[in-house]
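Residue numbers (this note's numbering): 15 to 117. We put the beta carbon where it would ideally sit given N, CA and C, even for glycine.
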Amino acid sequence: MIVTVTLNTALDLTYRVPALTPHASHRVTQVIERPGGKGLNVARVLAALGYETVATGFAGGATGAVLRDRLAATPVRDELVETAGATRRTVAVVDAATGDTTQ
15 MIVTVTLNTA
25 LDLTYRVPAL
35 TPHASHRVTQ
45 VIERPGGKGL
55 NVARVLAALG
65 YETVATGFAG
75 GATGAVLRDR
85 LAATPVRDEL
95 VETAGATRRT
105 VAVVDAATGD
115 TTQ
């Protein structure tokens with residue numbers, strides 16, 4: 015069993031747009047929410063490779079609840095500690111035409 019520790023968890027949000035044009039409005043074609051933070055990313059990859067993995071760290075607020083819900087859909091065992099503070103979000107926009115990502 016491998017235990018990962020993520021002191022600064024995040025809910026990673028990825029928005030996909032057909033083409034990213036500066037100073038223009040965009041229509042999002044896909045939204046992906048996944049558990050993030052270095053330790054959770056490592057835990058997800060290890061679990062995908064077949065290793066039994068436990069993730070610990072902190073999660074809180076409505077964002078933390080969504081993060082834990084998304085983590086429950088993976089083989090990673092959730093041992094995150096509930097906190098009063100809200101878990102952070104990270105945002106990335108992917109230009110589907112070029113594959114470029116802006117964070």
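- Between A100 and Q117, the CB-CB gap reaches or exceeds 8 Å.
- Here the stretch 29 to 46 makes no contact with the stretch 65 to 75; the two share fewer than three CB pairs at distances below 8 Å.
- In the DSSP assignment, L27 falls within the unbroken beta strand (DSSP E) covering A24 to V31.
- Counting C-beta atoms within 10 angstroms of its own C-beta, P32 has fewer than 16 neighbours from the protein chains shown and is therefore classed as exposed.
- Around the Cβ of G53, a 10 Å sphere holds 16 or more other Cβ atoms; the residue is buried.
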